[in-house]
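With UniProt numbering applied, the sequence shown corresponds to residues 1 to 77, in that order.
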Amino acid sequence: MPDRKTAADRRDRPATPGQRERADALFDRLSSLLREASDPTVDPAAVLRRADRAFDSLHRHLRAGGALPHPWRDARR
Numbered sequence: 001m002p003d004r005k006t007a008a009d010r011r012d013r014p015a016t017p018g019q020r021e022r023a024d025a026l027f028d029r030l031s032s033l034l035r036e037a038s039d040p041t042v043d044p045a046a047v048l049r050r051a052d053r054a055f056d057s058l059h060r061h062l063r064a065g066g067a068l069p070h071p072w073r074d075a076r077r
């Protein structure tokens with residue numbers, strides 16, 4: 001049986017620039033949607049459904065051992 005890498009194994013390795021870019025893009029998408037939800041000209045329920053999907057994408061990325069988004073990396077220091 002092949003040796004399977006776990007999320008914990010992946011977290012022990014430094015993130016690549018591509019992984020950091022992916023994390024930042026996912027975070028930026030979620031943040032943008034949450035800001036958009038306060039716009040009185042948009043359907044807040046529709047925006048929040050899109051934000052929920054964006055959060056799920058970011059959550060999957062993190063659970064798979066992906067890099068933290070830039071704002072969260074800065075907050076750890």
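Glycine included, every Cβ here is placed at the ideal spot set by N, Cα and C.
Remember, predicted model here, so these are calculated numbers, not experimental data.
Are three or more beta carbon pairs between the region 51-66 and the region 24-38 nearer than 8 Å?
yes
CB-CB under 8 Å to Gln19, same chain, minus the five flanking residues each way: which ones, in chain order?
Gly66, Ala67
Where Val47 falls: helix, strand or coil (DSSP)
Residue state, collapsed to three classes: helix.
Express the C-alpha separation of Pro14 and Ser38 in angstroms, rounding to a whole number.
Distance from the CA atom of Ser38 to the CA atom of Pro14, rounded to whole angstroms, is 37 Å.
Rank His70, Arg76, Ala45, Pro44 by C-alpha distance to the C-alpha of Pro17 and give the top, closest one.
His70
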